[in-house]
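Undergrad: Those protein sequence lines, which keep their order, are chains A and B.
Sequence positions in the first sequence follow the UniProt record's numbering and run 1 to 311.
Sequence positions in the second sequence follow the UniProt record's numbering and run 1 to 273.
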Amino acid sequence: MLQTLDAWSSALVAGLIAALMVLVNLLPNSISDAFQYAFMQRALLTSMMVGAICGMLSCYVVLKRWSLLGDAISHAVLPGVAIAYLLGLPFFIGAFVTGALTSLGIGAIERHTRIKSDAAMGIMFTGAFALGIVLISKIASSTHLMHILFGNVLGVQQSALLLTLVASLVAILVVWLAFRPLMLYAFDPTQAQALGFNTGVIHYGLILLLTLTIVASLETVGIILVVAMLITPGATAHLLTDRFKTMLLISIGVGIGSAVIGLWLSFAFDVASGGTIVLVATSCFFMALLFSPKHGVLMRFWRHRKLGNAN
Amino acid sequence: MSLPLTQSAAAIEVKGVYAAYQRQPVLEDIHLSLPAGRWTAIVGPNGAGKSTLFHVLTGSMRPLRGHVNAFGQAIEHHRKAGRIAYMAQREAIEWDFPISVWETVMSARYGHMRQDAWWRRLLPVRWHEPRHRQAVEKALDDVNMLAFADRPIGALSGGQKKRVLLARALAQEASILLLDEPLAGVDPPSEQLILEVLKREREAGRTIVMVTHDMPGARRYVDHVVLINRFIRGEGTPDEMLSDSKLAELAVSAIEQSAHDVTLAGNPALASK
């Protein structure tokens with residue numbers, strides 16, 4: 001039973017990589033050469049999926065002002081990884097549990113005490129992160145810690161690739177099925193409540209989805225840099241459009257695009273891939289900030305000058 | 001559309017509601033019975049608990065005690081069926097959100113879409129039943145905003161934003177309209193338009209409850225006025241309730257109230273009573 005599942009999943013991954021390589025081979029050789037290695041192909045597939053779901057979720061993170069929450073959950077994942085290692089469980093189970101527990105803890109402190117949400121987040125995530133560092137320093141090498149913190153996409157394992165694949169499918173399915181309630185909740189939670197939607201379920205569902213995305217991104221960009229992938233694509237897209245659906249698509253595009261370009265650049269210049277992916281996304285943001293036709297700095301400057309001349 | 005068949009029970013029945021923020025009482029012993037088809041204005045000073053009352057009615061806040069019925073049943077039931085529309089204050093909304101006027105108003109139909117065939121719910125709105133589109137179109141037309149349907153909501157003026165929020169409440173085709181300050185910060189032509197639209201809705205049999213500071217508008221249009229400041233301070237026709245003496249009484253109650261609260265806050269012995 002397990003073996004057939006294993007065989008099926010290997011075949012699925014091989015198929016996806018083959019499909020991807022058809023596209024890659026359309027590119028000039030100077031670029032596609034980098035992707036002839038099996039580890040680069042796996043890295044490409046993983047980082048594209050991570051880019052896509054991070055890009056998708058980042059729209060909600062940006063519009064709901066959850067940047068700090070994303071930061072908090074991603075740091076809170078660390079002790080879970082360590083505990084799972086100690087108990088001999090798959091790392092993503094531990095990561096998911098501590099990530100989710102921390103976000104619930106933040107909500108509880110916020111609701112039942114006079115501590116405000118930013119302080120609650122700061123306390124919980126630094127605490128969880130510290131616990132993770134202490135545990136990991138006892139049980140694993142510092143290389144291992146660096147891989148969790150900053151990602152190790154070039155050494156991505158088959159199991160991590162499959163986890164990313166499943167997480168991506170779940171995230172995309174949830175966003176598709178609950179598209180309208182999620183959008184309404186992000187836009188106007190009171191209206192969602194008044195229309196009889198269960199906003200508690202939507203709220204915690206979105207947080208769980210965020211946690212899932214972070215866990216799935218662990219191997220690729222690492223828990224420090226995943227925060228960037230959960231904010232920057234959405235913020236870039238927000239500068240470029242006034243439609244939510246378009247924003248989702250642009251944001252997913254920025255996520256995938258920076259993953260691909262960043263991965264290639266990191267190979268070509270032999271630098272850290274997680275960091276390069278984030279830098280490409282950051283460059284996209286600054287390009288949008290400058291050149292966006294509607295909300296860009298240059299256009300606004302131009303319009304002001306035109307108005308000034310008219311007077 | 002979803003107007004109830006039985007008109008015998010009151011549209012809204014508030015029974016002994018108490019509500020508080022951080023142990024500070026905001027509403028005490030609120031009893032109200034608003035028959036169907038009546039247009040009620042809730043009038044009271046700032047901080048009197050008007051918005052809190054609406055939060056209780058829309059379900060975003062649970063009262064400490066008491067409960068609310070609509071048409072003889074728990075109000076949650078009607079909320080789930082989309083029979084209660086709510087128009088928030090302008091400040092309560094994120095105007096930078098990337099959404100068009102059309103989509104904003106269409107969001108009022110999201111509740112009703114849960115009753116559509118399951119496969120339609122997986123598709124974009126344009127594949128949905130035409131009744132949703134028609135309702136949105138009519139609502140936007142009613143408030144004279146159809147020409148702005150494709151604009152992003154952030155690009156509208158204050159009065160236009162109010163009209164879009166009203167259109168959203170109308171597009172729901174609910175039996176009860178809860179409007180939190182629909183006339184605040186609105187230019188005179190928009191105000192006139194909003195009042196006329198609401199008058200037509202009332203004539204169509206809808207029950208309207210609105211919070212307002214606009215005394216002349218309320219005097220001319222509404223059927224019933226409730227004065228509120230933590231407690232119900234009076235109830236009756238606009239002429240009775242909006243008389244100068246009544247309003248002065250309400251203002252004095254507000255001053256006494258805050259003086260009382262200051263005494264309580266400054267004296268733990270009194271506060272614990």
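Every residue, glycine too, gets a C-beta built ideally from N, C-alpha and C.
Put Lys-138 (chain B) into one of helix, strand or coil per three-state DSSP.
TA: helix
Undergrad: Counting only Cβ pairs nearer than 7 angstroms, list the residues of chain B close to Phe-244 (chain A).
TA: Pro-98, Ile-99
Undergrad: Going along chain B, which residues have a C-beta under 8 angstroms from Arg-303 (chain A)?
TA: Within 8 angstroms Cβ-Cβ: nothing; Arg-303 (chain A) doesn't reach chain B, min ~14 angstroms.
Undergrad: Which chain B residues are close to Leu-195 (chain A), counting only those with a beta carbon under 7 angstroms from its beta carbon?
TA: In chain order: Gly-82, Tyr-110, Gly-111.
Undergrad: Just the Cα atoms here: how many angstroms apart are Asp-242 (chain A) and Ala-174 (chain B)?
TA: About 29 angstroms.
Undergrad: Pop quiz: Gln-172 (chain B) and Ala-85 (chain B) are said to be a contact at Cβ under 8 angstroms. What is the actual Cβ separation, rounded to whole angstroms?
TA: 4 angstroms
Undergrad: Using 8 angstroms as the threshold, is the C-beta distance between Val-197 (chain B) and Leu-166 (chain B) below it?
TA: yes
Undergrad: Mind checking if His-144 (chain A) is an interface residue toward chain B, Cβ cutoff 8 angstroms exclusive?
TA: Output row for His-144 (chain A): interface = no.
Undergrad: Using a Cβ-Cβ distance under 8 angstroms, would Pro-268 (chain B) count as near chain A?
TA: Its pLDDT being 48, under 50, Pro-268 (chain B) is placed unreliably in this model, and the value from its coordinates should be taken loosely. No, Pro-268 (chain B) lies away from the interface with chain A (no Cβ there is under 8 angstroms from its Cβ).
Undergrad: How would you write the range of the alpha helix (DSSP H) that Ala-155 (chain B) sits in, first residue to last?
TA: From DSSP, Ala-155 (chain B) is part of no alpha helix (DSSP H); its letter is neither H nor E.
Undergrad: Need the endpoints of the beta strand (DSSP E) that Ile-215 (chain B) sits in, please.
TA: Note on identity: in this sequence residue 215 (chain B) is Met, with Ile being the wrong assignment. Unbroken run through Met-215 (chain B) is the alpha helix (DSSP H), 215-221; no beta strand (DSSP E).
Undergrad: How would you label Leu-298 (chain A), buried or exposed, when you count the other beta carbons within 10 angstroms and need 16 or more for buried?
TA: exposed
Undergrad: Since Leu-242 (chain B) and Ala-218 (chain B) should fall inside the 8 angstroms C-beta cutoff, what is the C-beta to C-beta distance between them, to a whole number of angstroms?
TA: Contact holds; Cβ gap of about 6 angstroms.
Undergrad: In whole angstroms, what separates the C-alpha of Ala-269 (chain B) from that of Pro-25 (chain B)?
TA: Annotation note: pLDDT 48 at Ala-269 (chain B) (below 50); position unreliable, no value reported.
Undergrad: How big is the Cα-Cα spacing for Leu-225 (chain A) and Arg-303 (chain A)?
TA: 36 angstroms
Undergrad: Taking 8 angstroms as the CB-CB limit, is Gly-59 (chain B) close to chain A?
TA: Against chain A, the CB of Gly-59 (chain B) has a partner CB under 8 angstroms away; the residue lies at that interface.
Undergrad: Under the rule that 16 or more other beta-carbon atoms within 10 Å means buried, what is Met-146 (chain A), buried or exposed?
TA: Label assigned to Met-146 (chain A): exposed.
Undergrad: Taking a contact to mean a Cβ-Cβ separation below 8 angstroms, would you say Leu-195 (chain A) touches Gly-82 (chain B) in this structure?
TA: yes
Undergrad: Residues bridged to Ala-41 (chain B) by DSSP?
TA: B:Met-210, B:Val-225
Undergrad: Just checking: is the beta-carbon of Glu-201 (chain B) within a distance shorter than 8 angstroms of some beta-carbon in chain A?
TA: no
Undergrad: Cβ closer than 9 angstroms: which chain A residues qualify as neighbours of Arg-79 (chain B)?
TA: Taking a Cβ-Cβ threshold of 9 angstroms, the residues of chain A close to Arg-79 (chain B) are Gln-193, Ala-194, Leu-195, Gly-196, in chain order.
Undergrad: Cα-Cα, which of B:Arg-65, B:Asp-244, B:Trp-127 is closest to Glu-28 (chain B)?
TA: B:Arg-65
Undergrad: Indicate whether at least one CB of chain A lies closer than 8 angstroms to the CB of Pro-4 (chain B).
TA: Model confidence at Pro-4 (chain B) stands at a pLDDT of 49, short of 50, so the residue's coordinates are unreliable and nothing is read from them.
Undergrad: Would Val-225 (chain B) and Ala-41 (chain B) qualify as a contact pair, given that the criterion is a beta-carbon distance under 8 angstroms?
TA: yes
Undergrad: In terms of residue numbering, what span does the alpha helix (DSSP H) encompassing Glu-203 (chain B) cover?
TA: Glu-203 (chain B) -> alpha helix (DSSP H) spans 188-203.
Undergrad: Ala-92 (chain B) versus chain A: which residues are under 7 angstroms apart at the beta carbon?
TA: Within chain A, the residues near Ala-92 (chain B) are Thr-190.
Undergrad: With C-beta atoms as the reference, is Phe-267 (chain A) less than 8 angstroms away from Met-40 (chain A)?
TA: Yes.
Undergrad: Leaving out five residues before and five after Asn-25 (chain A) in sequence, what residues of the same chain have Cβ atoms less than 8 angstroms from its Cβ?
TA: Ser-32
Undergrad: Kindly list, in the order they appear in chain A, the residues whose Cβ is closer than 7 angstroms to that of Pro-152 (chain B).
TA: Asp-242
Undergrad: In whole angstroms, give me the CA-to-CA distance for Ala-169 (chain B) and Leu-87 (chain A).
TA: 54 angstroms
Undergrad: By Cβ distance below 6 angstroms, which residues in the same chain neighbour His-55 (chain B) in space, the five residues on each side in sequence not counted?
TA: Met-61
Undergrad: In chain A, what lies closer than 8 angstroms to Tyr-86 (chain B) by C-beta?
TA: Contacts between Tyr-86 (chain B) and chain A, judged by CB atoms closer than 8 angstroms, involve Thr-190, Gln-191, Ala-194 in chain order.
Undergrad: Is the beta carbon of Thr-102 (chain A) closer than 8 angstroms to that of Ala-128 (chain A)?
TA: yes
Undergrad: With three or more C-beta pairs closer than 8 angstroms as the rule, is the region 274-283 of chain A touching the region 125-135 of chain B?
TA: Result no; under three Cβ-Cβ pairs closer than 8 angstroms.
Undergrad: Below 8 angstroms, can you find three or more Cβ-Cβ pairs linking the region 209-219 of chain A to the region 134-145 of chain A?
TA: no
Undergrad: Which two residues bound the contiguous beta strand (DSSP E) that contains Pro-25 (chain B)?
TA: Per DSSP, the continuous beta strand (DSSP E) segment holding Pro-25 (chain B) begins and ends at 24-34.
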